[in-house]
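Data first, discussion second: the structure below is written as structure tokens.
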Amino acid sequence: MRQTIRAMAVAFLILLVALAGAPAGAASEKVIRVGMWSAPGNLSAINADSSYGYFIVRFIYDTLVDLQPDFTFTPRLAQSWEVSPDGKTFTFHLHPEATWHDGQPLTAHDVLFTIETVATPGVQTNRGSALRAIEGLDANGKMTGPEISGVQVIDDHTIAITTKSAVDPARFLEQFGTGLYIIPRHLLAGLSPEELARAEALLNPTVASGPFRFVRYVTDQYIELERNDAYFRGPAKVDRIFVRIVPAPSMATQLIRGEIDLVAGPGIGEVPLEDWELVKNTPHLRPVTQPSLGYQFVAINTAKPYLADARVRQALHLAINRQLMVDQLYRGEAVLAVGPFSPVTPYVNEELEPLPYDPERAKALLAEAGWKPGQALELLVPTGNVQRERTGTIIQANLQAIGIPVRIQRLDFPSVLARVFADDFDMALLGWTDTFDPDHVSSTFGTGGQYNLANFSDPEVDELIETAGAERDPAKRKVLYDQLQVVLQEKVPVIFLYYPNMLAAVNERVINADPDIFYFESRAHLWDIREANR
5 MRQTIRAMAV
15 AFLILLVALA
25 GAPAGAASEK
35 VIRVGMWSAP
45 GNLSAINADS
55 SYGYFIVRFI
65 YDTLVDLQPD
75 FTFTPRLAQS
85 WEVSPDGKTF
95 TFHLHPEATW
105 HDGQPLTAHD
115 VLFTIETVAT
125 PGVQTNRGSA
135 LRAIEGLDAN
145 GKMTGPEISG
155 VQVIDDHTIA
165 ITTKSAVDPA
175 RFLEQFGTGL
185 YIIPRHLLAG
195 LSPEELARAE
205 ALLNPTVASG
215 PFRFVRYVTD
225 QYIELERNDA
235 YFRGPAKVDR
245 IFVRIVPAPS
255 MATQLIRGEI
265 DLVAGPGIGE
275 VPLEDWELVK
285 NTPHLRPVTQ
295 PSLGYQFVAI
305 NTAKPYLADA
315 RVRQALHLAI
325 NRQLMVDQLY
335 RGEAVLAVGP
345 FSPVTPYVNE
355 ELEPLPYDPE
365 RAKALLAEAG
375 WKPGQALELL
385 VPTGNVQRER
395 TGTIIQANLQ
405 AIGIPVRIQR
415 LDFPSVLARV
425 FADDFDMALL
435 GWTDTFDPDH
445 VSSTFGTGGQ
455 YNLANFSDPE
465 VDELIETAGA
475 ERDPAKRKVL
485 YDQLQVVLQE
495 KVPVIFLYYP
505 NMLAAVNERV
515 INADPDIFYF
525 ESRAHLWDIR
535 EANR
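Numbering (this note's numbering), first residue to last: 5 to 538.
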């Protein structure tokens, strides 16, 4: 009897450990807890400052369509759409029962308002690339006149979007259809750009339209979301989702203890490689791994005079032992990068060989470019991603080996981004998650692009980006993007390091919620658990 009591006491203590510190809903609720490495800087649907913020945005806001893992597009706000015979006009028919979380109807006027807001000069937004193909807007998605000629509201539930030229439908449906989060006109109309930047309706988004409502954000601890019972596609299967801020070294422990049910996925919440075998061998966890759409890279600030010469940037690239990173840091769970397109897409240039590790050639290029001996560089390294932090140490050692002193500055992710966007950096070690369609390079490498962190500008690159983006034939686009990858390797606006595999895990009690490279959080209304929490 005494042994039985002792066993029960031990079991009770284990249960307490598993639940300690975990936000909880009511006992009868279905609750899922997600682990994410870092806190979101903000939750603005038009200007979240990182992937951490947009991870939350996708639970609570709607887009017009969804991109599925098989590369097909399915209805979301738009229950149907058609493309005109000339390939330029996309007509979207919105679901007539779509509403905002406060009960107000969501209409085509909200879609128009969102487009106009993002397109207004002076508005702080990073959604411009979603609009760049639209007639009447420039390459950054900004208005060139008093009206946007390519947008027409036909009725309350129908809107027609005309592009500057015929485009590949897959490009536009992903870029615009999945990249623009619709915001509420009735709460934001009439605000100036300055007022929008601090608008409560965007920064504290309790009124959106998605399957979950935003409840609260407890700083650096968790974000709480609750089911929207009035969701027009039907209520979600779980009552509540908590997205917990979990440092990478704690991710495996919290998975094993049941403090979190799954991780947030590529680039924002994964299982550290050193814990991967442990997680894979834990009976109640389901390991999930995939090649990633994203890549790790070193942004080089080409606006700095001492980094403006492409030969200097080539030297930096050649001096970095990327294969060592793949072999030792990732133990083969990554492949060398040759450019901005993941091997999982059909647009990667399979004929392009990765640049070799060649420190002697790097020294020769530096001498040829007139590099000042002893010129030091600062490398910004975001905290939270263990492999990335270790990558920074290898880069430091590699560059110091060719005579370039490197100071590493470790900062939280929002602080690194703030310095990068203020052009207050030499080099920054970052990750980028692509869209499936390759036109994302317009914002990352096109002159003046919203995510052109390197401040890179090159006429040849700009021409290739624009020509490929306007091409409707996928085969012809492939040829142009192959050429672009060759030029980027020659001019080195950034150093493409490697494409890491996604290392994720899910508690076996959770179904339809396996992390995925295609924004699995957009399908959170399908997530479920085998039984309610007790």
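Idealized CB from N, CA, C, for every residue including glycine.
Pairwise C-alpha distance: residue j and residue i
i, j, result
"V339", "G271", "15 Å"
"E120", "E263", "43 Å"
"M5", "N285", "Bear in mind that a pLDDT of 40 at M5, under 50, signals an unreliable position, so the model cannot answer this."
"F218", "D443", "31 Å"
"D74", "I521", "11 Å"
"Y523", "G336", "24 Å"
"A164", "Y65", "21 Å"
"N82", "E178", "As written in the sequence, residue 82 is Ala, which differs from the Asn given in the question. Cα to Cα, the separation comes out at about 13 Å."
"N511", "L259", "7 Å"
"W531", "P109", "26 Å"
Residue closest to residue i, alpha-carbon to alpha-carbon, out of the options
i, options, result
"T148", "A164, D160, G126, I158", "G126"
"A314", "T76, A268, G374", "G374"
"E151", "L184, F117, V491, H161", "F117"
"V445", "A143, E198, N305", "A143"
"P197", "L356, E274, G388, T129", "T129"
"R231", "Q493, D466, E33", "E33"
"H288", "E199, A426, D265", "D265"
"D428", "P276, S447, A307, I533", "A307"
"F539", "G214, A137, E199", "Past the edges of the chain, shown from 5 to 538, lies residue 539, and the structure says nothing about it."
Reduced DSSP secondary structure (H/G/I, E/B, other) of residue i
i, result
"V267", "strand"
"R481", "helix"
"I50", "coil"
"T395", "helix"
"Q487", "helix"
"V498", "strand"
"T103", "strand"
"G25", "Confidence at G25 is low in this model, with a pLDDT of 43, below 50, so its placement is unreliable and the value that follows should be read with caution. Three-state DSSP puts G25 in coil, outside helix and strand."
"L356", "coil"
"I138", "strand"
"R220", "strand"
"I152", "coil"
"V171", "coil"
"M12", "Only weak support is given to the placement of M12: the predicted model assigns it a pLDDT of 38, under 50, and the question is left unresolved by the model."
"R538", "At R538 the pLDDT is 40, less than 50, meaning the model places this residue with poor confidence; the figure from the coordinates comes in the next sentence. Reduced to three states, the DSSP call for R538 is coil."
Cut-off 8 Å between Cβ atoms - residues of its own chain near residue i, not counting five sequence neighbours on either side
i, result
"L135", "I119, V122, A123, L141, G145, F180, L184"
"V490", "N353, L356"
"Q413", "E382, L383, L384, V385"
Residues near residue i by beta carbon distance below 6 Å, same chain, minus five either side
i, result
"H321", "L359, V496, I499"
"S461", "T451"
"R481", "A472, E475"
"Y485", "Y351, P442, A472"
"D70", "T78, R80, S526"
"T93", "A164, T166"
Same chain, Cβ closer than 7 Å to residue i, five either side skipped, listed in chain order
i, result
"W280", "L507"
"V211", "W104, H105, D106, P188, L191, A205"
"E139", "S153, G154, T166, T167, K168"
"H161", "H97, L98, P100, T111, A112"
"R10", "Its pLDDT being 37, under 50, R10 is placed unreliably in this model, and the coordinates cannot settle the point."
Can you find at least 3 beta carbon pairs, one from the region 284–298 and one from the region 317–336, that sit closer than 8 Å? no
Say whether the region 455–473 touches the region 183–199, bearing in mind that this needs 3 or more beta-carbon pairs closer than 8 Å, one atom from each stretch. no
Is the number of C-beta pairs between the region 359–366 and the region 388–397 that are closer than 8 Å three or more? no
Does the pairing of the region 35–43 with the region 244–255 give three or more beta-carbon distances under 8 Å? yes
Would you say the region 373–389 touches the region 349–358, given that touching needs at least three Cβ pairs under 8 Å? no
If we count Cβ pairs, one from each stretch, closer than 8 Å, do we get three or more for the region 430–437 versus the region 90–102? no
With a cut-off of 8 Å, do at least 3 Cβ pairs link the region 203–210 to the region 43–54? yes
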